[in-house]
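Asker: Following this message is one structure expressed as structure tokens.
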Amino acid sequence: MLKSQVIIFMLGGPGSGKGTQCERLAAKYQFQHLGMGNLLRAEASEPTRQGRQIKDIMLKGALVPSGFVLDLLNTNLLQREEAAKGFLVSGFPRELNQAKDFERVVGRPPNIVIILDCSTETMIQRLLLRGQTGHRADDHESCIRQRLETHYSLCEPVVSYYQEKNLLRNILGEEPEDAIFAKCCSVLDSLR
Ligand code: AP5
């Protein structure tokens, strides 16, 4: 029941650098990175009714229903439990009920929650730049704005929730990748 593994949540708006930092941290600390968006994109690529529904939601910049998201996360945590020293989960939770339901299902909160603070302008610029490569179908202006709106309308209660539990660590996400990585490493090292 995932009692011993370190679980770290990485939060931040779209384009704040969650995925980038988690990939690097996972390599350094031999943790498993579970990117909620990546897991959902894999589900969305299935040629099923459910796959199409998830794809539609993601292309609107809205949230996939929380019950589905939590099941998917929990399944992946349990599947990789043996292999992992710990987990870095990016893009979860995105609303308060996800945070609370995680504790109910997994039996405890994460060990620490990192949030990358980034300005709206920086996030938009990064995503428009990535959008030029055509890598992600949701990296076009209207969807980026909707993703930001979804983020801003739901993130505050999540942030307050972890702040009250003294689990939140804020890191400025505007700096170069290496500087942010060094700060994230300090947070992880403090858990040892
Ligand atoms: P998800 O895939 O998580 O997308 P997102 O939150 O919009 O975030 P991104 O992946 O675009 O950005 P990121 O913060 O990871 O930054 P990245 O490192 O990639 O979610 C997609 C969708 O899935 C959601 O919209 C929703 O529909 C659904 N979903 C996901 N989680 C859900 C949940 N919990 N509940 C319900 N639905 C959910 O970097 C972005 C770009 O910036 C890259 O090009 C990168 O190279 C660059 N970059 C990164 N860091 C820096 C830096 N320091 N300086 C300069 N450039 C940088």
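Numbering-wise, the working numbering comes out as the position in the sequence shown, counting from 1, plus 14. Don't be surprised by glycine CBs; every beta carbon is placed ideally from N, CA and C.
To which residues of the same chain is Asn184 closer than 6 Å at the C-beta, ignoring the five residues directly before and after it?
Answerer: Once the five neighbours on either side are set aside, the close Cβ partners of Asn184 are Ile129 and Asp131.
Asker: Run the proximity test for Val78: is its beta-carbon closer than 7 Å to any non-hydrogen atom belonging to the ligand AP5?
Answerer: Yes, Cβ of Val78 sits closer than 7 Å to a heavy atom of the ligand AP5.
Asker: Which residue marks the beginning of the alpha helix (DSSP H) containing Ser167, and which one marks its end?
Answerer: That run of the alpha helix (DSSP H) goes Glu155 to Glu178.
Asker: Does DSSP put Gln46 in a helix, a strand or coil?
Answerer: Of the three classes helix, strand and coil, the one that applies to Gln46 here is strand, per DSSP.
Asker: Let me check one thing: in DSSP terms, what residues is Val20 bridge-paired to?
Answerer: Val20 pairs with Gly100.
Asker: Alpha carbon to alpha carbon, how far is Lys179 from Phe195? Give it in angstroms, no decimals.
Answerer: Rounded to the nearest angstrom, the two C-alpha atoms are 24 Å apart.
Asker: Could you check where the alpha helix (DSSP H) with Arg140 kicks off and where it finishes?
Answerer: Arg140 -> alpha helix (DSSP H) spans Thr134 to Gly145.
Asker: I'd like to check one pair, Arg144 with Arg150: are the Cβ atoms closer than 8 Å?
Answerer: Yes, the Cβ-Cβ distance between Arg150 and Arg144 is below 8 Å.
Asker: Anyone know if the C-beta pair for Arg140 and Gly75 falls short of 8 Å?
Answerer: No, the Cβ-Cβ distance between Arg140 and Gly75 is not below 8 Å.
Asker: Which residues end up in the neighbourhood of the ligand AP5 when you take C-beta atoms closer than 5 Å to any of its heavy atoms?
Answerer: Here the residues come out as Pro28, Gly29, Ser30, Gly31, Lys32, Gly33, Thr34, Met50, Gly51, Leu54, Met72, Leu77, Val78, Val83, Gly105, Phe106, Arg108, Arg140, Arg144, Arg161 and Glu191.
Asker: Can you have a look at Arg48 and say buried or exposed, based on whether 16 or more other CB atoms are within 10 angstroms of its CB?
Answerer: Correcting the residue type first, residue 48 is Leu in the shown sequence and not Arg. Leu48 should be labelled buried.
Asker: Considering just the uninterrupted stretch of the alpha helix (DSSP H) at Arg118, what are its terminal residues?
Answerer: Start and end: Leu110 to Val120.
Asker: Could you name the residues of the same chain whose beta carbon sits closer than 7 Å to that of Thr136, not counting the 5 residues immediately before and after it, in chain order?
Answerer: Glu188.
Asker: When burial is assigned at 16 or more other CB atoms within 10 Å of the CB, is Ala41 buried or exposed?
Answerer: So Ala41 ends up on the exposed side.
Asker: Look up Gly105 in the DSSP assignment and say whether it is helix, strand or coil.
Answerer: Correct three-state label for Gly105: coil.
Asker: Using only the alpha-carbon positions, how far apart do Gln67 and Glu163 sit?
Answerer: So the two alpha carbons sit approximately 21 Å from each other.
Asker: For Gly26, which three-state DSSP category applies?
Answerer: Here Gly26 sits in strand by DSSP.
Asker: Does the separation of the CB atoms of Asn90 and Val119 fall below 8 Å?
Answerer: Cβ atoms of Asn90 and Val119: not closer than 8 Å.
Asker: Tell me whether Asp152 sits in a helix, a strand or coil according to DSSP, three-state version.
Answerer: In the structure shown, Asp152 sits in coil (DSSP, three-state: anything other than H, G, I, E or B).
Asker: Assuming Gly51 and Ser59 are in contact, meaning their beta carbons sit under 8 Å apart, how far apart are those beta carbons, in whole angstroms?
Answerer: With a Cβ gap of about 13 Å, Gly51 and Ser59 do not count as contacting.
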